[in-house]
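There are 4 protein chains.
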Amino acid sequence: MNDRIRRPIRWGMVGGGIGGFIGEAHRMAARLDGKFNLIAGALSSDPERARQSAAQCFIAPERTYADYREMAKAEAARNDGIEAVTIVTPNASHHAIAAAFLDQGIAVICDKPLAVSVADGQDLVGRAAKAQRLLGVTYNYSGYPMIRHAKSLIAEGVIGKIRLVQVEFALGWLAAPLEQEGVKQAWRVDPKEAGPSGVVADIGTHAYHLMRFVTGLEVQTLAADLATMVQGRQLEDNANILLRFKDGARGMLWASMVAAGESVGFRLRVYGETGHVAWDEAFPDQLHLRMLDGTDQTLNRGGKLSPQAKRATRLVTGLPEGFVEAFANLYGDYAEQIEARREKRAPDPLSLLAPTGADGVDALAFVEAVLKSSLADGSWVALE
Amino acid sequence: MNDRIRRPIRWGMVGGGIGGFIGEAHRMAARLDGKFNLIAGALSSDPERARQSAAQCFIAPERTYADYREMAKAEAARNDGIEAVTIVTPNASHHAIAAAFLDQGIAVICDKPLAVSVADGQDLVGRAAKAQRLLGVTYNYSGYPMIRHAKSLIAEGVIGKIRLVQVEFALGWLAAPLEQEGVKQAWRVDPKEAGPSGVVADIGTHAYHLMRFVTGLEVQTLAADLATMVQGRQLEDNANILLRFKDGARGMLWASMVAAGESVGFRLRVYGETGHVAWDEAFPDQLHLRMLDGTDQTLNRGGKLSPQAKRATRLVTGLPEGFVEAFANLYGDYAEQIEARREKRAPDPLSLLAPTGADGVDALAFVEAVLKSSLADGSWVALE
Amino acid sequence: MNDRIRRPIRWGMVGGGIGGFIGEAHRMAARLDGKFNLIAGALSSDPERARQSAAQCFIAPERTYADYREMAKAEAARNDGIEAVTIVTPNASHHAIAAAFLDQGIAVICDKPLAVSVADGQDLVGRAAKAQRLLGVTYNYSGYPMIRHAKSLIAEGVIGKIRLVQVEFALGWLAAPLEQEGVKQAWRVDPKEAGPSGVVADIGTHAYHLMRFVTGLEVQTLAADLATMVQGRQLEDNANILLRFKDGARGMLWASMVAAGESVGFRLRVYGETGHVAWDEAFPDQLHLRMLDGTDQTLNRGGKLSPQAKRATRLVTGLPEGFVEAFANLYGDYAEQIEARREKRAPDPLSLLAPTGADGVDALAFVEAVLKSSLADGSWVALE
Amino acid sequence: MNDRIRRPIRWGMVGGGIGGFIGEAHRMAARLDGKFNLIAGALSSDPERARQSAAQCFIAPERTYADYREMAKAEAARNDGIEAVTIVTPNASHHAIAAAFLDQGIAVICDKPLAVSVADGQDLVGRAAKAQRLLGVTYNYSGYPMIRHAKSLIAEGVIGKIRLVQVEFALGWLAAPLEQEGVKQAWRVDPKEAGPSGVVADIGTHAYHLMRFVTGLEVQTLAADLATMVQGRQLEDNANILLRFKDGARGMLWASMVAAGESVGFRLRVYGETGHVAWDEAFPDQLHLRMLDGTDQTLNRGGKLSPQAKRATRLVTGLPEGFVEAFANLYGDYAEQIEARREKRAPDPLSLLAPTGADGVDALAFVEAVLKSSLADGSWVALE
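Below, the structure written as structure tokens:
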């Protein structure tokens with residue numbers, strides 16, 4: 381619990397109207413620890429929905445905006461204007477919105493992916509640097525305490541040099557052609573809103589980021605077999621990807637929206653010379669550590685863990701935490717960075733684990749390499 | 381999501397200073413959905429700790445109190461005084477504090493157990509009735525969506541008439557004599573703070589309430605074998621209890637603080653004529669439904685569930701919820717009841733699932749029957 | 381693998397005709413390691429079924445008997461007569477059959493319970509002693525490697541002095557009144573065949589024996605709440621039992637035939653001062669060891685285990701063993717004892733883990749104490 | 381239980397001396413149901429070890445051979461010669477041994493892989509056809525009841541048209557350079573004994589066969605990334621493989637000997653248009669069936685299953701079966717085929733599920749395609 385925060389951060393939101401999923405997820409994450417106060421918003425591009433949504437979030441009418449440009453300008457002009465904004469719109473609009481706020485000196489917390497091209501992502505990183513403001517990208521699964529503990533264990537060499545990585549993020553909900561049935565959430569396979577990639581950009585990048593976060597490994601080359609399983613779909617909905625890492629390790633990454641019967645199947649295993657760690661997002665409080673010598677341990681959130689994991693933990697072992705708590709850890713990290721800037725001090729170094737614009741760009745480079753490999757029928761493509 | 385709330389409930393707290401566990405648990409639960417605004421508090425009986433804790437919770441100095449009596453009076457006198465207060469002090473003080481606020485017309489949300497005797501509990505229920513104010517008791521495990529779903533399934537007769545109940549709440553943390561080592565949380569085995577019962581009052585009542593909540597069964601008689609396993613301990617730390625229900629069903633209830641190696645082992649199984657349901661708090665998003673015909677189903681939070689379960693759910697299947705979310709469901713229910721009173725309308729009937737003062741008294745009657753049976757070397761004692 | 385056996389043991393069987401479950405279970409257990417050769421049998425009291433069953437087991441017609449008395453006499457008279465016989469008939473007939481073979485100097489392996497009264501059981505133990513022949517009782521779950529490992533861990537003090545035991549054996553198959561529908565296996569609730577106890581004798585004694593085997597604890601007194609849940613049933617089908625052990629530990633034992641939806645729910649947990657072990661027969665290759673300090677280990681069959689567990693293991697970790705393998709461990713132990721006698725040497729001390737007539741008598745004493753307590757409405761009764 | 385067998389099959393063995401793992405595994409599998417009688421053997425190429433091993437298996441000295449050629453000839457010449465032989469020697473010797481017995485009219489049950497080249501495998505299939513004798517290849521995991529049930533479910537269309545397959549067989553034991561430390565079992569990475577492939581031939585073919593068995597899909601092309609993680613090792617020890625099936629489905633296959641901390645990690649998931657099945661060999665009695673509509677079922681061995689699964693089941697649900705029982709199902713199938721030939725009748729069609737020489741050749745074609753793709757840096761290679 382950070383002792384220095386004496387008032388909540390003044391916070392706004394673009395996108396995330398009531399009824400959608402992701403906006404409320406961000407709001408719960410931000411509210412959990414009481415460090416953010418939502419006071420301004422352009423919650424929908426539909427003015428009436430924007431108004432209703434803002435009212436339900438207790439946002440005052442005068443700080444309810446129909447347009448993000450107006451919001452950025454108006455808030456920047458106020459003495460009590462927002463210090464940070466969260467962007468939860470479809471991918472293709474991220475760049476313009478994030479640019480508008482960063483250019484006004486307002487910190488940006490952007491849902492993933494950061495943009496729809498590496499170039500756009502880099503542009504945002506540049507703007508954030510120029511504005512000296514936070515640019516966070518919510519690869520939120522990296523907020524799970526046991527994921528942070530896995531990162532610590534690996535960094536300490538507990539499983540030895542890494543040889544193999546197996547990561548998968550499998551959803552089933554788009555096994556049916558929902559986008560052809562007018563389901564709004566299915567914009568994720570509409571290139572106009574999602575950009576040039578479907579499942580890879582949407583959740584493949586979650587898998588990629590988590591693997592990078594935990595292992596610290598860099599992909600050297602990859603070979604991708606993309607498929608569109610649902611007839612008439614415009615973007616790929618399944619990705620089978622082979623990975624070769626810079627230091628000789630190998631990996632497999634599977635991302636799917638058509639894994640019928642999976643709800644959210646996000647699983648990571650990392651094998652080193654002397655053991656492995658395994659984590660399944662469905663049971664996030666447990667990390668399995670199994671060693672070559674036969675030792676088979678379950679490490680439980682709340683137990684004797686690394687400082688990184690402890691800082692990300694609220695409850696004792698046995699009282700389960702979940703998705704919102706992990707997400708809230710990112711918000712806690714971002715809050716610390718925003719507070720530190722306000723207080724002209726260095727942030728807690730552990731808060732820097734939260735994913736940044738640079739992580740967002742790295743994930744976009746992964747998407748581009750995957751698309752390139754796929755166009756070349758799965759040839760090995762370097763990740764740059 | 382309730383559409384009618386247009387401002388958060390003005391809310392205060394007695395007990396729950398920073399550093400303790402249970403106060404922050406209540407605060408997270410209240411904050412999660414944004415329906416409560418913490419604006420007043422007597423967070424500790426130690427004035428300095430009360431002041432610091434209040435500051436960290438962003439409570440204004442003029443609404444930071446060193447004494448709950450003063451707080452009740454002062455808040456009742458304000459136009460913008462609190463509408464509800466949460467009490468999270470040791471058991472023996474619950475009655476006096478709750479009485480002070482109810483008598484001022486302020487709704488009370490009290491941590492369990494409601495009091496240390498049936499008589500005191502009944503007194504509070506009477507005061508709440510007279511004041512026409514909410515008296516909630518946070519048997520918070522009943523907020524888990526799959527527990528509410530289990531209740532629905534059983535009420536619908538999915539497993540037939542109930543024959544057997546197995547429930548256990550096993551902790552390990554007091555396997556060592558922590559109270560003799562000055563650990564503050566160990567007041568739970570100090571009769572001055574905890575009242576005449578240790579493990580039964582502390583967590584046995586959680587098990588009892590959950591079982592009653594899910595099954596609807598009433599205990600007719602019980603036989604209790606209480607034990608104090610740690611030398612020098614003043615209250616019982618293990619309870620093995622046999623149950624006979626009014627309609628012929630039988631049960632076993634185990635509550636322990638000395639189950640070394642258990643973190644929070646809260647498990648419930650209910651067997652009917654044609655099948656059973658099983659739930660383990662460590663994996664709260666799953667409910668197992670196994671039938672005499674061999675069908676073995678896992679029912680997942682977020683799936684096709686009863687209205688009671690859906691109302692208590694925030695995330696899609698596969699994104700795990702946990703303890704705080706379940707706790708927040710009670711706060712959501714209480715918020716609805718407080719709002720409804722403010723708006724002079726009937727509350728959503730589903731909000732009435734949240735445990736009340738009457739449930740608190742029922743649990744105290746259970747404690748008294750257990751103590752009575754134990755004194756009679758485990759003879760059958762009626763629960764009245 | 382015992383190096384000294386140079387030919388299989390000549391073996392016979394009473395009961396266990398083709399089509400029943402338990403006879404084939406014994407045969408598979410005996411065949412698995414190739415140490416027994418089935419050459420004689422009275423497999424059914426129905427002569428035609430006895431004949432057909434024997435033929436299917438490749439038993440020669442001249443050693444196929446319609447009557448166990450004839451079989452005992454004829455086999456004892458042959459130079460190549462059987463050295464051991466397995467008895468798998470309903471409980472009430474065990475005593476007469478076992479006596480007939482022991483009196484002829486033939487080793488007896490008897491399905492549990494050994495008899496239907498302590499007196500009868502003691503009589504058999506006396507006859508075995510007089511004949512200097514093996515009298516084994518197949519409490520076969522004690523053959524599981526991880527159960528033997530649990531016994532070793534506890535004996536070594538890994539979890540400290542035992543405080544609490546939780547054991548349950550819950551079946552669902554008699555949740556319906558099968559005995560009233562003519563199902564043959566349902567003799568287990570027919571007092572003429574099963575004796576004076578239903579679920580307690582049938583599977584409660586399995587739970588009792590396993591708990592005793594693993595912990596080494598002795599029950600001092602017990603309090604039993606027996607119930608007959610199915611209307612018209614003649615014997616109890618559910619038993620909720622409280623245990624007090626000689627050294628102050630406490631326990632709960634649940635045995636049920638009416639736990640609808642359970643297939644074979646046999647679970648044991650033992651809590652000491654510093655940790656606990658937990659085992660579930662559905663996943664018998666794993667033993668969980670969880671310590672007060674938070675350490676949470678899964679011990680896997682095939683890993684670095686005690687000599688007792690290793691001796692009872694055939695396959696590497698990860699290749700699952702099951703019920704037959706555990707059962708075969710008892711047969712292996714009995715084979716070693718029979719061989720040792722034949723070879724006039726002491727048996728491998730580890731083979732003496734297999735349950736004997738004395739264990740059978742102890743279990744019968746448990747049944748009698750339970751029935752006595754139940755008649756006294758659950759009063760505490762000493763186990764003698 | 382097959383009613384027609386009136387005597388056990390006369391059976392011999394080449395390889396499988398006492399002390400090794402795989403020989404005893406075959407013997408337990410053959411003994412479990414009592415259908416095979418081991419009466420001849422050349423259990424080791426070391427004559428003394430052959431003699432001792434045979435004695436321990438109760439094989440008579442006159443039928444104990446030092447050489448498989450002599451054994452094939454001598455047994456074929458006897459009236460009571462063996463009807464079938466099992467071959468459990470290193471891969472490179474399979475062809476010569478199998479040919480010797482088939483040419484003498486003796487049925488062959490060969491451990492996998494059938495040979496070290498497609499050509500050799502095809503040669504054996506030809507010899508078996510000419511001799512009109514059984515040629516079985518023990519891809520024994522296909523004997524698991526729930527695997528056979530999965531095959532039935534998929535064939536019935538329960539999960540719809542298959543879109544995705546994920547299969548993995550991961551071992552950790554060769555994470556250390558055991559072959560350089562003289563461990564005998566490590567011949568699996570010695571090209572002289574294992575042939576041109578390490579992990580792919582050894583366990584990759586298990587994964588390939590199981591996937592083919594369950595899905596019925598045919599691989600059209602594959603892309604393989606092979607790696608040798610342990611320095612100085614002569615054959616590949618990790619294989620990451622992408623699969624494209626003839627009807628458009630896609631798959632990933634992972635086989636590893638260097639997955640430190642895995643004991644035997646054999647897992648299969650098959651995703652169709654409307655749901656998926658998932659199976660983990662560590663818990664082989666359960667098959668998970670999860671549907672797009674959210675239904676999540678555990679199908680348990682012993683329950684209401686397909687005839688294929690029932691035929692492969694011995695015990696009721698809840699009494700676990702394991703590796704030996706699954707293996708014994710293959711032996712049961714082969715016994716039925718041998719019996720049927722002896723009795724001049726058609727075998728039970730369900731016995732034809734057991735893998736044959738043709739399956740062995742198919743698996744060898746997979747190995748060759750994998751090696752070819754690897755040489756071409758992971759280019760897509762057709763499987764022919």
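Chains as they are written, first to last, in our numbering: chain A, 381 to 764; chain B, 381 to 764; chain C, 381 to 764; chain D, 381 to 764. Backbone N, C-alpha and C define an ideal beta-carbon position, used for all residues, glycine too. Quick caveat, the model's predicted, so the values are computed rather than measured.
- Annotated three-state conformation of Leu514 of chain B is coil, per DSSP.
- Runs of the alpha helix (DSSP H) lying entirely within the stretch 410-439 of chain C and spanning at least 4 residues, in chain order: 427-436.
- Residues are counted here when their Cβ sits less than 9 Å from a Cβ of chain D; for the stretch 672-683 of chain B these are Asp673, Gly674, Thr675, Asp676, Gln677, Thr678, Leu679, Asn680, Gly682 and Gly683, given in chain order.
- The CB of Ala420 of chain C never comes closer than 8 Å to any CB in chain D; the least such distance is about 15 Å.
- Straight across, the Cα-Cα distance linking Tyr588 of chain D with Leu667 of chain D is about 19 Å.
- Taking 8 Å as the cut-off between beta carbons, the residues of the stretch 652-666 of chain A near chain D are Gly652, Glu653, Thr654, Gly655 and His656, in sequence order.
- For Thr693 of chain A, the closest Cβ of chain C is not nearer than 9 Å.
- Here Gly562 of chain C carries a coil assignment [DSSP, helix/strand/coil].
- The beta carbons of Thr697 of chain B and Gly682 of chain B sit closer together than 9 Å.
- The stretch 745-754 of chain A makes no contact with the stretch 404-413 of chain B, as fewer than three CB pairs between them are under 8 Å.
- Scanning chain A for C-beta atoms nearer than 7 Å to the C-beta of Arg411 of chain B yields Arg411, Leu412 and Gly414, reported in chain order.
- For Arg387 of chain C, the residues of chain D that pass the 8 Å Cβ criterion are Phe438, in the order they occur in the chain.
- Rounded to the nearest whole angstrom, the CA to CA distance from Gln436 of chain C to Asp739 of chain D is 32 Å.
- Going by DSSP, Leu544 of chain B is part of the beta strand (DSSP E) stretching over Ile542 to Leu551.
- Looking at the backbone, the Cα of Ala629 of chain C and that of Glu748 of chain B are separated by about 24 Å.
- Bounds of the alpha helix (DSSP H) holding Arg528 of chain C are Pro525 to Ala535.
- In this structure Glu428 of chain D is exposed. Its beta-carbon is surrounded by fewer than 16 other beta-carbon atoms within 10 angstroms.
- Judged by pairs of C-beta atoms under 8 Å, the stretch 457-464 of chain D touches the stretch 477-491 of chain D, as three or more such pairs exist.
- Look at the stretch 633-650 of chain C: the residues with a C-beta under 9 Å from a C-beta of chain B are Trp634, Ser636, Val638, Ala639, Ala640, Gly641, Glu642, Ser643 and Arg649.
- Taking every protein chain shown into account, the CB of Arg725 of chain D has fewer than 16 other CB atoms within 10 angstroms, so this residue is exposed.
- As far as DSSP is concerned, Phe707 of chain D takes part in no beta bridge.
- For Arg670 of chain C, the secondary structure class from DSSP, reduced to helix, strand or coil, is strand.
- For Gly392 of chain C, the enclosing beta strand (DSSP E) covers residues Ile389 to Gly395.
- In the DSSP assignment, the residues bridged to His656 of chain A are A:Tyr651 and A:Arg670.
- Residue environment: Leu732 of chain C is assigned as exposed (fewer than 16 neighbouring CB atoms within 10 Å of its CB, all protein chains considered).
- With its beta carbon less than 9 Å from one in chain B, Leu699 of chain A belongs to the interface.
- Excluding the 5 residues flanking it on each side, Pro557 of chain D has same chain C-beta neighbours closer than 8 Å at Val610, Gln611, Gly612 and Arg613, in chain order.
- Trp634 of chain C carries a strand assignment under DSSP once its states are collapsed to helix, strand and coil.
- In the same chain as Leu685 of chain B, and ignoring 5 residues on each side of it, the C-beta atoms closer than 6 Å to its own belong to His529, in chain order.
- Residue pairing of Ile467 of chain C in beta bridges, as defined by DSSP: C:Val394 and C:Cys490.
- Between the stretch 591-606 of chain C and the stretch 501-510 of chain C, the count of Cβ pairs shorter than 8 Å is below three; the stretches do not touch.
- Rounded to the nearest angstrom, the Cβ distance from Ala734 of chain A to Pro493 of chain A is 16 Å, too far for a contact under 8 Å.
- Look at the beta carbons and you see the stretch 669-678 of chain D not touching the stretch 699-716 of chain A: under three pairs across the two are nearer than 8 Å.
- Straight-line spacing of the CA atoms in Glu598 of chain A and Phe625 of chain A works out to 6 Å.
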